[in-house]
Amino acid sequence: MDLSAYVDRLRSGAPPKFPADANSLAFAQNLDSQDSIRHLRDEFILPTKTSLKKRGLNGTIPSQHAHANGTTNGDAVDDTGIYFVGNSLGAQPKAVRTYLDAQLETWASIGVNGHFSRLDASPLTAWQDLAEDCARKSADIVGSSPHEIVVMNTLSVNLHLMMASFYRPTAQRHKIILEWRPFPSDWYAIESQIAWNGYDPAEAMVLLQPGDDCLIPTERILAAIDEHAHDAALLLLPGIQYYSGQLFDIPRITAYARERGLVVGWDLAHAAGNVELKLHDWDVDFACWCTYKYINAGPGSIAGVFVHERHGGVTWAAEDPDKKGRPEYRPRLTGWYGGDKSVRFNMDNRFVPTPGAAGYQLSNPSAIDLASLSAALSVFNKTSMRELRSKALVLTAYAEYLLDGILAESNEATPLFTVLTPRDPAQRGTQLSVMLREGLLDDVAEALEDNGVLCDKRKPGVIRVAPVPLYSRFEDVWRFMQILRGALKM
Ligand SMILES: Cc1ncc(COP(=O)(O)O)c(C=O)c1O
31 MDLSAYVDRL
41 RSGAPPKFPA
51 DANSLAFAQN
61 LDSQDSIRHL
71 RDEFILPTKT
81 SLKKRGLNGT
91 IPSQHAHANG
101 TTNGDAVDDT
111 GIYFVGNSLG
121 AQPKAVRTYL
131 DAQLETWASI
141 GVNGHFSRLD
151 ASPLTAWQDL
161 AEDCARKSAD
171 IVGSSPHEIV
181 VMNTLSVNLH
191 LMMASFYRPT
201 AQRHKIILEW
211 RPFPSDWYAI
221 ESQIAWNGYD
231 PAEAMVLLQP
241 GDDCLIPTER
251 ILAAIDEHAH
261 DAALLLLPGI
271 QYYSGQLFDI
281 PRITAYARER
291 GLVVGWDLAH
301 AAGNVELKLH
311 DWDVDFACWC
321 TYKYINAGPG
331 SIAGVFVHER
341 HGGVTWAAED
351 PDKKGRPEYR
361 PRLTGWYGGD
371 KSVRFNMDNR
381 FVPTPGAAGY
391 QLSNPSAIDL
401 ASLSAALSVF
411 NKTSMRELRS
421 KALVLTAYAE
431 YLLDGILAES
441 NEATPLFTVL
451 TPRDPAQRGT
461 QLSVMLREGL
471 LDDVAEALED
481 NGVLCDKRKP
491 GVIRVAPVPL
501 YSRFEDVWRF
511 MQILRGALKM
């Protein structure tokens, strides 16, 4: 079967049915040879076994090619690392250096004029327009119009800003529905927003509990929405749960909660750049995401926010056709950069928001951060989320198939590991969370490190394996499993 047939099967909900010889390097390489986006790997700098041992700066940048250095007989050594940690920090796109250099040259050469001028041949717009440019380039990633996206701040800050606008509790309706184990920052943000508004978090945080398998069935979420339709103001969930890798049914849950009068927000930290999203069509009220995981803009990079167009309107009273007074708009915390460009520099303290999500911006965003994000997004603009997701479906199914092969072969009374992530490809992104049998984590972690593998480990025993389609190969998945087998003494 060819690669596109596996994609079709997985998209239609059928099992991939890998053949008996699928556990071989030749099979993996054959899939790679059919991968229409395999060239995108060259857009990235991936750590190598050698570079991972680096202890000081020496002006070199890792390159993935096998080289003859360090061998006694002159044979090439394979220095290729395996970067399966894009769910935590994405690999560095080569474009980032180019864009940052352009930014530094612009700043050095024309100084403050860079706010409004663009140098010829620069990949960047004038700094004033960079956030808008990044919003335009993010539209396919989250499935919205560019006007529904604003690029600003960082994820936790944006969660607070969005809750300031979208969590409007009353004595009757002030609860927030969240999951049992949100990322700590989401928990703190929700808890503190409730307290800030004068309510008791212990009473107002409605926690969705998982089953024994760590997963939260959609039906359970819908039941909780029904139960709290009279007293919950907001539903705030992750698109993908960071620990289990469960992808929630965003359209169904959103529609169900909105029909019952709840405002619906999503934290898409683990979903943006990972799975296909259609935030506009799904009628989501707001969503926030970071850009350092699947979007690859660098550690702590500037974040993204979606605000549905119905919340971005700016209207003027009929008796004020010349727009001299104050417009009506959704209440929010404001700053001068949310002000419309036409009046932003009037300095007259009359806030007139930019229509759309951009009207939620507060500060002049860092042009250095935006340059880095713009570079990372330029790689996404060479493909599409549909193409990335198609490849990811097969990459992850292949990883799951090889993991199951290890389990079947080991045939131990207590399995060596359990895959926590849903088995249904429609309910997960690229990440598989693998819970190791007690006592195995240290050996596995050591073997991965010794072999140049970067993947995420969570105590007491979970490794999160994320073969990101932009820069991962089927060969990497196969090699990873060989290393894991070794670590499990198979
Ligand atoms: C689900 C989730 N929420 C919030 C955060 C915190 O993000 P930041 O430190 O960018 O505010 C993270 C970071 O990894 C995350 O994964």
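Offset between the sequence shown (1-based) and our numbering: plus 30. Cβ coordinates follow ideal geometry from the N, Cα and C atoms, glycine included. Every value quoted in this text rests on a predicted model; they were computed, and no experiment measured them.
Residue(s) in a DSSP beta bridge with residue i
i, result
"P268", "D297"
"C318", "D297, V335"
"V180", "V335"
"L466", "F447"
"P123", "F74"
"P383", "G369"
"V115", "A496"
"R488", "V492"
"E209", "L238"
"A262", "K205"
"E358", "T345"
"L277", "I270"
"V142", "For V142, which the question treats as bridged, DSSP gives no partner whatsoever."
"V483", "I112"
Same chain, Cβ closer than 6 angstroms to residue i, neighbours up to 5 away in sequence not counted
i, result
"I320", "Correcting the residue type first, residue 320 is Cys in the shown sequence and not Ile. Taken in chain order, the residues that qualify are L185, A299, A333."
"L265", "I207, A287, L292, V294"
"D473", "A517"
"L61", "L33, F504"
"Q59", "E505"
"R148", "T155, A156"
"L309", "V172, G173, S174, A317, F336"
"T384", "D370"
"A165", "P176, I179, V181"
"G386", "H177, G342"
"H190", "A219"
"A194", "L363"
"P49", "none"
"D51", "F57"
"Y272", "F213, H300"
"R446", "Rather than Arg, the amino acid found at residue 446 in this sequence is Leu. The residues are S440, R467, L518."
Residue i CB to nearest heavy atom of ligand 3 below 7 angstroms
i, result
"S393", "This structure simply doesn't include ligand 3; it includes ligand 1 instead."
Residues of its chain near residue i, where Cβ-Cβ distance is below 8 angstroms and the 5 sequence neighbours each way are ignored
i, result
"D32", "Q64"
"K167", "S404, L407, S408, F410, N411"
"A254", "I207, V236, L238"
"R290", "I255, D256, A259"
"L546", "Only positions 31 to 520 of the chain appear in the structure, and residue 546 is not among them; the question remains open."
"E417", "S66, I67"
"A132", "L149, S152, P153, L154, A401"
"E339", "S175, H177, E178, H310, G386"
Beta-carbon proximity list for residue i, same chain, < 7 angstroms, skipping 5 on both sides
i, result
"F381", "T364, G369"
"K519", "none"
"A347", "G355"
"T284", "V294, W312, D313, V314"
"E221", "P231, M235"
"F146", "A156, Q158"
"H258", "K205, I207, V236"
"Y218", "none"
"L40", "P46, L423, V424, A427, P455"
"S523", "Because the chain spans 31 through 520 in this model, residue 523 falls outside it and cannot be assessed."
"E468", "G491"
"G435", "N53"
Review point. Does the pairing of the segment 385-393 with the segment 358-377 give three or more beta-carbon distances under 8 angstroms?
Key: yes
**Study point:** Ordered list of beta strand (DSSP E) runs contained in the segment 429-459, each at least 3 residues
**Key:** 447-449
Check your understanding: So, do the segment 425-434 and the segment 445-465 have three or more beta carbon pairs nearer to each other than 8 angstroms?
Key -> yes
**Study point:** Segment contact flag, the segment 462-479 with the segment 440-450, C-beta cutoff 8 angstroms, min 3 pairs
**Key:** yes
Check your understanding: Does the segment 106-115 come close enough to the segment 477-496 to have 3 or more Cβ pairs within less than 8 angstroms?
Key -> yes
Practice item. Spell out a yes or no on whether the segment 61-78 and the segment 498-506 are touching, meaning 3 or more CB-CB pairs, one atom from each, closer than 8 angstroms. Key: yes
Practice item. Taking 8 angstroms as the threshold, find out whether the segment 321-330 comes into contact with the segment 403-420 through three or more Cβ pairs. Key: yes
Review point. Which residue spans inside the segment 212-241 form an unbroken alpha helix (DSSP H) run of at least 4?
Key: 214-226, 231-234
Review point. Is the segment 258-274 touching the segment 187-200 in the sense that three or more CB pairs, one from each, lie closer than 8 angstroms?
Key: yes
Point to revise | Contained alpha helix (DSSP H) runs [length at least 4] in the segment 44-93, N- to C-terminal order | key: 55-63
Point to revise | Stretch-stretch touch, CB-based, cutoff 8 angstroms, three pairs: the segment 480-492 with the segment 79-86 | key: yes
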